[in-house]
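A short write-up of the structure that comes next.
Number of protein chains: 2
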Amino acid sequence: MVIQMVFENEVIKEIIEKYRRIWAIGHAQSVLGWDMEVNMPKEGITERSVAQGELSVMQQETLLAPKFVELVNKADGLEGLNEYEKGVVRVLKREIRISSSFPPEFLRELSETTSKATAAWTEAKEKNDYDKFAPWLDKIMELAKKGADYLGYEKYPYDALLDLFEEGLTTDEVNAMFEKLEKELKPVLDRILEEGKVPREHPLEKLEYKRENMEKVNKEILKLFGFPLGKRSRIDISPHPFTTEFGIKDVRITTRYEGIDFRRTILSTVHEFGHALYELQQDERFMFSPIRGGVSLGIHESQSRFWENIIGRSVEFAELIYPILQENLPEIKDYTPRDIYNYFNIVRPDFIRTEADVVTYNFHILLRFKLEKIMINEGIKAKDLPELWNDEMEKLLGIRPKSYADGILQDIHWAHGTIGYFPTYSIGTLLSAQIGEYMMKDMPDFGDKVRNAEFEPIKEWLRERVHKYGSIYPPKELLQRSFGEGVNPEYFIRYVKAKYL
Amino acid sequence: MVIQMVFENEVIKEIIEKYRRIWAIGHAQSVLGWDMEVNMPKEGITERSVAQGELSVMQQETLLAPKFVELVNKADGLEGLNEYEKGVVRVLKREIRISSSFPPEFLRELSETTSKATAAWTEAKEKNDYDKFAPWLDKIMELAKKGADYLGYEKYPYDALLDLFEEGLTTDEVNAMFEKLEKELKPVLDRILEEGKVPREHPLEKLEYKRENMEKVNKEILKLFGFPLGKRSRIDISPHPFTTEFGIKDVRITTRYEGIDFRRTILSTVHEFGHALYELQQDERFMFSPIRGGVSLGIHESQSRFWENIIGRSVEFAELIYPILQENLPEIKDYTPRDIYNYFNIVRPDFIRTEADVVTYNFHILLRFKLEKIMINEGIKAKDLPELWNDEMEKLLGIRPKSYADGILQDIHWAHGTIGYFPTYSIGTLLSAQIGEYMMKDMPDFGDKVRNAEFEPIKEWLRERVHKYGSIYPPKELLQRSFGEGVNPEYFIRYVKAKYL
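Top to bottom, those sequences are chains C and D.
Each step along the first sequence adds one to the number in the working numbering, with nothing skipped, and position 29 is 29.
Going from the second sequence to the working numbering is simple: count from 1 and add 501.
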C-alpha cells in the first residue's frame, strides 16, 4: 500500500503546520553551527554565541508554548492515527518531556559550568595537570546526576542520561553488551597480537601527500558512491570531521587533511558519507516534520561505520580505489591493493581512542562506560579516576598511559557535560557488522558490487531497511521491525574473527 | 566627554535587552543569505526559502509584539535621553512604522508577484521578448504604488518608496540632484568623448588571467588595506559580489573572477572592502543594538565608491599595486603603472549599467529614476517604456539599444519589486567624491599615503566622521553634522573635470 499523504489527521496537520517554525530555527542553528566550524573568522565567536543562545531559547519557547503542547497531548489521545502520525506524536512528546525537564537555573548553571570546565580541561591537558580539571569533573558529574533526577529514571540515574542520546537505552543493556564483548573479543585481540600475522604498523603510515591530491581522491570516491556534490551536498574541511543536514536536500560533510597517513582522510570521508547518506535518503514527504532525520546517535553511527568498516576497510574497496590513488599519489606504485588493505586494517593498541583500529576501538568505549557508570551511579570521585583509567586500560589493551593527556584527559566530552554519549559509538560499531552480515545474506555478491562500484543496490537496501523510516519508530523498534533483533555483539565478534583470524 | 556606557536609561536598557532576539534572527538571516549565495548546493533552495520565510515572520512578530512597541513608545516620550538612546528610539520607531504598514495579504501578494515576475523577467530577457514581462511590470508598479499608500507620503507616492531605501529622501531632492548633474556633467562627457584623449578601450581589457593568481592579487591588496582576513572577515566568490555583516566582528565580502579583464575583479573587491570597512569600524559598544551598522544604502555606497573610485582609480593606487601585479600577472611587464591607470579609467558609453565607467554611470541611474518616477507618480504603463528608455539612453549617452536585453530588461531590480533603490547608487557615487575632497583638504598628502599604503589615517578619518556613528543619526543629519552640508553634485562634477579634462 502506498500512502501518498503521510499526514491525514487534522490535529496532526495543525501540529505539522506549527512545527515548521521549530524546524526553521533548527535549520538556522545547523547553518550557524556548520559555518562556525568551517568558515567563521575567529572573532566572530562572540556574536555567534549570543545568536545561538537566543535561537535556542526561541526554539524551546515555541516547542513548549501551551497551545502547541496542548495540541500534541490532544493528538496523543486520538484513535486511528497512522504510523507516521504516531511517530510525530512520539517524537514530539519526547522532545517536550526532555525540554521541559530542566529548570532554567539548572540550564544556566550547566552552561556556565561546562564553559569553565572546558577552559580548565584545555589548560589541564596542555600542562598535563589533572588537578586543574578534577574539581570541574566532580562538579559536572554532580550536575549530570541532578539532570538525571530531573529527567527521571526507573533503575539507575545513568539510564536517564543514556536515553538522552539513545532513546530507551539502559545501563543494564550496555552492561550486557560490553560483558559479552569483553569476554569474547578480548581473547581474539590477544590472539591477533600474539600471532603477529596482522600488521601492527605499515610504511604507508609515513607517506606524505599534497592536500590537493587527496582532495581529488576523496571527491572521486564520493563520486563513485553517488554523493550529489553541488546538487544536494558539499564536502569541506574542518579540524573535527562531521556531517550536518539543513534538511533532506542539503546535507554536508567535512573531512581533514594532515598531509600524512592518507587512510585517515579517506576513511573519515567515507565515514561521514555514511552519516550523510542516512539523511539524503529520508522520505521527502517527511520534509519540515519531526519524523524527518536519523532516529538516534547509535543508528546514525551504524551507518557511518558500515561505510567506513564494512565497505571502506574491505579488500574490494582497496581494489576499487587503487587506480584513483595511482593517479594522485605516485608513490603508491610501489604497493599493491593488498598493501592498501593491510594498511587500512592495522591492529595496534594505542592510548588514544580516535586513533584506535576496529578491534581495539570498543575497548576504549568500554573503559569510558565503566567510569561514567560508577561516577554517576556510585558517586566515585574524580580524584580516584586516573588510577582506575590506567588500570583498566592496562587490563584491556596491555598498555599504561604515561601522561594524563594520553589517558583520562584525552576527550573533550566530559568537559562539555556529555555523559552517556560514548556507548552510542559502540552501538554503532556493533550494528554496522550486524547490518553487514544481513546485507551479505541478501546480496551474496556484495564484495563484487563494491569492487565494481555498484553502490546503488547497497544504498537501496539501506534505504528500504533503515533510512526511509526517519524517526517514525524508536531505535529498538526500528531494529526489531527491519531485522528481527536488537543490537547483538555476536555479529561484530564474528566479523573480527573472520577478518583477522 | 567619553561616554563609557552608551545606554544608561532603564527603559532603553530594557529595549536593548529585548532587541537582542530581533538582532539574533537578523544575524541568522544574514548567515543563511550569505551561505545561499556562496555555498548552498542547488536543491537546498526549497528548505532554505521556507526557513527564511519563517524567520522573517518571527522577526516581525518580535518587533511588533505589543509589549515591545509599548516600551519604544514609552521611551519616545522620555526627557534627557543621550544621543545614542535617541538613536535607538528613532531607528526602532522607523522599523516598527515600516513593518506595521503592510497588511499580511499585501505582503503575500507582493511576494507571489515578485517570484512570478522574476521568472517572467528571466524568460523575457533570454528570449528578448519584452511582452512576456510587461504585464508583470505593470502589476509590480501597481503594488509599489499601493505599498506607498500604506506607508504614507506628503507629496508624491514615490517619496514613500525612496524613504524605504534612503531615510528621508524625496523625489524633489533627487530631481534637483539629477537636474544639476545632467546639466553640468553631460557637456563634460561630450567633451571627453569629442577630445578623445581619454581612452575608450584598452588592450588590457582582453588580457586573460588564472583565477588563483588574481585571488592572490586581491588578498595582497586587502592586506595592504589592513582587512582582518581570518580574524574578523573573509573573502569568497559569488556571481554578484556583495558584502554582508553578521555583527561587528564578522564581516564578509565576495568577489568574482571572469578570467579576463582583471580590473573588474580588483575594483569589485576594493568596492566591497569599502562597504566592509564601514561595518568593521562600528563602535563596539553598539553591538547587538539597533544603532549598530551602516545608516543607509546611500551612505554605504559612498564608502564603497570612495574606495573604488577615489582610491582604486587613482594613479597612486596603480603605482601601489603594480609590483603585486608583476608577481602574479607576468604579461604586465609590457605595461607601466600609467597604463594600468588608463585602463582603470576608460570612459565608454555602454548599454549595460554594471559595465559603466565613472562618468557614464550616473546617467544610467538618471534614466531609471526618470522612468520609475513617471511610472509611480504619473501612472505611465509598461507598454510605453521601451521607447522612453531607448530615447533617453540615446539622449544621455548617444547610443540606442538594439535589444531589450541590452535595454529595459537588463536589471533584475524591478522584477524583485525594488522600486526607489537605484537613486541610492548615485547618491553614493556623488558623496564619494565629496568625501574625497573633504579628506584631501584635511590630508594634503593623500596621494602619497595611497602610494605608500598608509591606509590607517584614511580609515581613521572615515571612522571619526562616518563609521563610528552607526545609525545614531539619519543620513541627512549625519552629513550635516560631519561635513556641514548634504549631498552636493558639485564635488563629483569637479572630480570628473579634474580627472578627465
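Where a beta carbon is used, it is the ideal one built from N, C-alpha and C, also for glycine.
C-beta neighbour in chain C for residue i, strict 7 angstroms
i: Pro605(D); result: no
i: Gly748(D); result: yes
i: Gly731(D); result: yes
i: Asp784(D); result: no
i: Glu986(D); result: no
Residue i, enclosing alpha helix (DSSP H) - first and last residue
i: Val512(D); result: Glu511 to Val539
i: Asp295(C); result: A small correction: the amino acid at residue 295(C) is Val; Asp does not occupy that position in the sequence shown. Per DSSP, Val295(C) belongs to no alpha helix (DSSP H) and is neither H nor E.
i: Met429(C); result: The residue asked about is misnamed: residue 429(C) is Thr in this sequence, not Met. Element bounds for Thr429(C): Pro423 to Asp442.
i: Ile493(C); result: Pro489 to Tyr500
i: Ser233(C); result: Careful: Ser233(C) lies outside any alpha helix (DSSP H), inside the beta strand (DSSP E) at Ser233 to Ile237.
i: Ile310(C); result: Where Ile310(C) is concerned, there is no enclosing alpha helix (DSSP H), given that its DSSP letter is neither H nor E.
i: Val967(D); result: That residue, Val967(D), is in no alpha helix (DSSP H); it is neither H nor E in DSSP.
i: Ile376(C); result: Val358 to Glu378
i: Ile599(D); result: Glu584 to Ser602
i: Val951(D); result: Phe947 to Arg952
i: Val551(D); result: Ile546 to Leu564
i: Tyr844(D); result: Pro838 to Phe845
i: Gln480(C); result: Pro475 to Phe483
Cβ of residue i within 7 angstroms of any chain D Cβ
i: Thr46(C); result: yes
i: Glu43(C); result: yes
i: Glu54(C); result: yes
i: Leu501(C); result: no
i: Ser233(C); result: yes
i: Gly152(C); result: no
i: Ile448(C); result: The amino acid at residue 448(C) is misidentified as Ile; the sequence shows Asp. No - not a single Cβ of chain D is within 7 angstroms of the one on Asp448(C).
i: Glu17(C); result: no
Beta-carbon gap between residue i and residue j smaller than 7 angstroms
i: Arg753(D); j: Thr745(D); result: yes
i: Thr766(D); j: Tyr758(D); result: yes
i: Phe726(D); j: Phe763(D); result: no
i: Leu430(C); j: Pro489(C); result: yes
i: Gln59(C); j: Ile22(C); result: yes
i: Leu164(C); j: Leu110(C); result: no
i: Ile365(C); j: Pro475(C); result: no
i: Ile687(D); j: Asn829(D); result: Note that residue 687(D) is Lys in the sequence shown, not Ile. No; because the gap between Cβ atoms is not below 7 angstroms, this pair is not in contact.
i: Ile399(C); j: Pro349(C); result: yes
i: Thr424(C); j: Glu166(C); result: yes
i: Ala661(D); j: Ala649(D); result: yes
i: Val11(C); j: Ala75(C); result: yes
i: Pro290(C); j: Ala318(C); result: no
Contacts of residue i in chain C (Cβ-Cβ under 7 angstroms)
i: His528(D); result: Glu47 and Ala51
i: Ala452(D); result: The structure shown has nothing for residue 452(D), since chain D only spans 502 to 1002.
Limits of the beta strand (DSSP E) - the one that residue i falls within
i: Glu245(C); result: Thr243 to Glu245
i: Thr254(C); result: Val251 to Thr255
Residues that residue i contacts on chain A, provided the C-beta gap is smaller than 7 angstroms
i: Val31(C); result: Note that chain A does not occur in the displayed structure, where the protein chains are C and D.
Chain D residues whose Cβ lies nearer than 9 angstroms to that of residue i
i: Tyr127(C); result: First, the residue type needs correcting, since residue 127(C) is Lys and not Tyr in the sequence shown. Under the 9 angstroms cutoff, chain D gives no residues; its nearest Cβ is about 27 angstroms from Lys127(C).
i: Met58(C); result: Arg522, Ala525, Ile526, Met559 and Thr563
Neighbouring residues, chain C, relative to residue i (Cβ below 9 angstroms)
i: Arg1007(D); result: What the structure shows of chain D is the stretch from 502 to 1002, and residue 1007(D) is not part of that stretch, so it cannot be assessed.
Contacts that residue i makes with chain C (C-beta to C-beta distance below 8 angstroms)
i: Arg521(D); result: Val50 and Glu54
Neighbouring residues, chain D, relative to residue i (Cβ below 8 angstroms)
i: Asp250(C); result: Met541, Pro542, Glu544, Gly545, Glu548 and Arg549
i: Phe288(C); result: Glu548 and Val551
Next on the checklist: Going residue by residue through the stretch 105–185 of chain C, where are the continuous beta strand (DSSP E) segments of at least 3 residues, counting only ones entirely within it?
Outcome noted: none
Checklist entry - Unbroken alpha helix (DSSP H) runs of length 4 or more, entirely within the stretch 891–924 of chain D: which are they? => result none
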